[in-house]
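Engineer: The structure under discussion is supplied below as structure tokens; questions concerning it will follow.
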Ligand SMILES: Cc1cc2nc3c(=O)[nH]c(=O)nc-3n(C[C@H](O)[C@H](O)[C@H](O)COP(=O)(O)OP(=O)(O)OC[C@H]3O[C@@H](n4cnc5c(N)ncnc54)[C@H](O)[C@@H]3O)c2cc1C
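In the working numbering, the protein residues as written are 3 to 397.
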């Protein structure tokens with residue numbers, strides 16, 4: 003058994019855990035230990051973990067600005083496709099809305115990157131930092147509250163003593179349970195299906211969000227003339243789509259999506275995710291904080307989960323590192339107080355949008371159509387919405 007003292011222990015080396023380790027080190031020379039349950043590859047290899055998997059992530063302009071502060075944006079952009087326009091429409095109805103980078107005077111609205119490349123860039127930066135110790139594969143199995151911190155016992159027998167413990171181990175966080183904090187889980191009965199779609203014509207940086215009968219269907223621009231499909235709907239429907247042959251599946255996508263990207267050429271591997279929305283009952287305790295999916299898991303309709311988390315982590319790192327005593331409660335509470343309204347707004351919109359577009363009654367249907375058309379005609383409203391979605395926190 004080895005015993006090790008470190009300022010901060012982060013349980014979970016996924017998107018949230020890896021990003022937080024870098025943000026903390028950028029601000030202060032704290033020692034950070036990152037514990038991840040699954041094996042991580044050696045330097046420069048592309049990982050495949052529950053966080054860095056087959057998905058692609060739409061990174062907002064705000065997220066790219068934070069990555070730029072971390073010095074990792076140049077390593078990321080060769081694997082990323084810019085989002086220049088977001089186009090929203092509803093199948094079978096006239097009217098659509100568009101948000102464009104040129105209208106917002108930006109070089110891009112955001113960028114889409116495959117999670118595995120994102121993982122490679124984040125983990126390379128983590129490994130390059132001598133102040134971050136990575137322990138993987140390993141898991142926390144017991145916590146003991148100390149006067150000014152926690153003792154964390156790992157499955158391997160290693161014991162870590164820290165002043166701040168961070169739970170970043172996903173929606174089913176065992177660390178959150180061990181801290182004695184409950185969470186609300188709402189099973190939507192829906193699932194998301196993802197696949198990379200080969201295109202016969204360039205996507206020109208256009209991201210599409212199309213509301214079809216079952217739910218939202220997004221096609222996000224990727225490198226190499228591909229789009230990342232995210233189709234959400236009732237679980238039985240998603241299981242049916244998963245069971246189709248590649249040809250029949252592609253025909254379904256084409257029929258529901260339409261011709262805006264021309265004839266779709268090919269569909270890659272399909273993977274599904276159950277949509278269970280989670281919200282922790284507390285985010286901050288003395289010497290402990292709960293972040294990322296462990297704190298809030300959202301519907302992926304607007305591609306906001308990680309972007310919201312990164313805004314959380316950016317402020318959390320500021321508060322933790324500015325405090326004289328790492329892990330003291332007041333700055334952790336100040337962090338939560340400053341973040342709850344953004345968290346509540348983004349999770350409300352993400353949960354509400356798919357249901358709103360599913361309701362079939364006449365009045366709501368007309369309102370929805372009018373809403374889309376009005377939205378497209380009102381540049382000021384569109385601009386405010388776009389800036390919020392891009393993660394510019396003060397808008
Ligand atoms: C289909 C889909 C599409 C999405 N698209 C977008 C998008 O376009 N834009 C966006 O902003 N967000 C998107 N999201 C949301 C985004 O994926 C999440 O916000 C993000 O994964 C949260 O990261 P996390 O590190 O908190 O949790 P996770 O990704 O769940 O990672 C948790 C990590 O903890 C590890 N772990 C688990 N248990 C333990 C343990 N006991 N000990 C140690 N380690 C442990 C896991 O192995 C994993 O590495 C999408 C989500 C889905 C489902």
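Every residue, glycine too, gets a C-beta built ideally from N, C-alpha and C.
None of the values given here were measured: they were computed from a predicted structure.
Using the three-state DSSP reduction, which class does residue 112 fall into: helix, strand or coil?
Structural biologist: Strand.
Engineer: What residue range is occupied by the uninterrupted alpha helix (DSSP H) comprising residue 241?
Structural biologist: Start and end: 237 to 245.
Engineer: Please state the DSSP three-state secondary structure of residue 106.
Structural biologist: coil
Engineer: Would you mind reading off the limits of the beta strand (DSSP E) that contains residue 198?
Structural biologist: 185 to 201
Engineer: Should residue 92 be counted as a contact of ligand 1 given a C-beta to heavy atom distance under 8 Å?
Structural biologist: no
Engineer: Answer yes or no: do residue 266 and residue 252 have a C-beta to C-beta separation smaller than 9 Å?
Structural biologist: yes
Engineer: In chain order, which continuous runs of the beta strand (DSSP E) of length 3 or greater are located wholly inside the region 47 to 102?
Structural biologist: 58 to 62, 82 to 85, 87 to 92, 98 to 102
Engineer: Ordered along the chain, which non-local residues of its own chain (more than five positions away) have a Cβ less than 8 Å from that of residue 272?
Structural biologist: 195, 196, 197, 243, 244, 251
Engineer: Relative to the alpha-carbon of residue 237, which residue among 206, 220, 190 has its alpha-carbon at the smallest distance?
Structural biologist: Checking every option, the nearest Cα to that of residue 237 belongs to 190.
Engineer: Please classify residue 22 as buried or exposed, where buried requires at least 16 other C-beta atoms within 10 Å of its C-beta.
Structural biologist: Classification of residue 22: buried, given that the 10 Å Cβ count is 16 or more.
Engineer: Assign residue 301 to buried or exposed, taking buried as 16 or more other Cβ atoms, counted over all protein chains shown, within 10 Å of its Cβ.
Structural biologist: It is buried - the Cβ of residue 301 has at least 16 other Cβ atoms within 10 Å.
Engineer: Check whether the Cβ of residue 196 lies closer than 8 Å to any heavy atom of ligand 3, and answer yes or no.
Structural biologist: Ligand 3 is not part of this structure, which contains only ligand 1.
Engineer: Is the region 321 to 338 touching the region 55 to 66, taking contact as three or more C-beta pairs under 8 Å?
Structural biologist: no
Engineer: Nearest CA to the CA of residue 122: which residue from 66, 53, 171, 91?
Structural biologist: Out of 66, 53, 171, 91, the CA that lies nearest to the CA of residue 122 is found in 53.
Engineer: Buried or exposed: which applies to residue 188, given that a residue is buried once 16 or more other Cβ atoms fall within 10 Å of its Cβ?
Structural biologist: exposed
Engineer: Taking 8 Å as the cut-off, is the C-beta of residue 40 nearer than that to any heavy atom in ligand 1?
Structural biologist: Relative to ligand 1, the beta carbon of residue 40 is positioned inside 8 Å of a heavy atom.
Engineer: With DSSP collapsed to three states, give me the class of residue 396.
Structural biologist: Residue placement at residue 396 is poorly supported in this model, since its pLDDT is 48, which falls under 50; the coordinates are not used for a value here.
Engineer: Specify, as a first and last residue, the run of the beta strand (DSSP E) that residue 18 falls within.
Structural biologist: Looking at the DSSP string, residue 18 is not in any beta strand (DSSP E); the run it does join, the alpha helix (DSSP H), is 17 to 29.
Engineer: Which class does residue 298 belong to by DSSP, given the choice of helix, strand or coil?
Structural biologist: strand
Engineer: Per DSSP, what are the beta-bridge partners of residue 221 in this structure?
Structural biologist: 210, 231
Engineer: May I have the straight-line CA-CA distance separating residue 230 from residue 201, to the nearest angstrom?
Structural biologist: 11 Å
Engineer: Can you tell me whether residue 397 is buried or exposed, with buried defined as 16 or more other CB within 10 angstroms of its CB?
Structural biologist: Only weak support is given to the placement of residue 397: the predicted model assigns it a pLDDT of 44, under 50, and the question is left unresolved by the model.
Engineer: When the Cβ atoms of the region 173 to 185 are set against those of the region 277 to 294, are three or more pairs found closer than 8 Å?
Structural biologist: yes
Engineer: Can we count residue 275 as close to ligand 1, meaning its CB is less than 8 Å from some heavy atom?
Structural biologist: Flag set: Cβ of residue 275 near ligand 1.
Engineer: Any contact between the region 73 to 85 and the region 123 to 135? By contact I mean 3 or more CB pairs, one from each, below 8 Å.
Structural biologist: yes
Engineer: If we count the other Cβ atoms within 10 Å of its Cβ and call it buried at 16 or more, is residue 321 buried or exposed?
Structural biologist: Classification for residue 321: buried.
Engineer: Can you check which of these residues, 34, 101, 241, 352, is closest to residue 306 by C-alpha distance?
Structural biologist: The option with the nearest alpha carbon to residue 306 is 352.
Engineer: Where do the N-terminal and C-terminal ends of the beta strand (DSSP E) with residue 176 fall, by residue?
Structural biologist: Where residue 176 is concerned, there is no enclosing beta strand (DSSP E), although the alpha helix (DSSP H) it sits in stretches over 176 to 180.
Engineer: Between the Cα of residue 417 and those of 161, 343, 134, 27, spot the shortest distance and give me the residue it belongs to.
Structural biologist: Residue 417 is absent from the structure shown; the chain starts at 3 and stops at 397.
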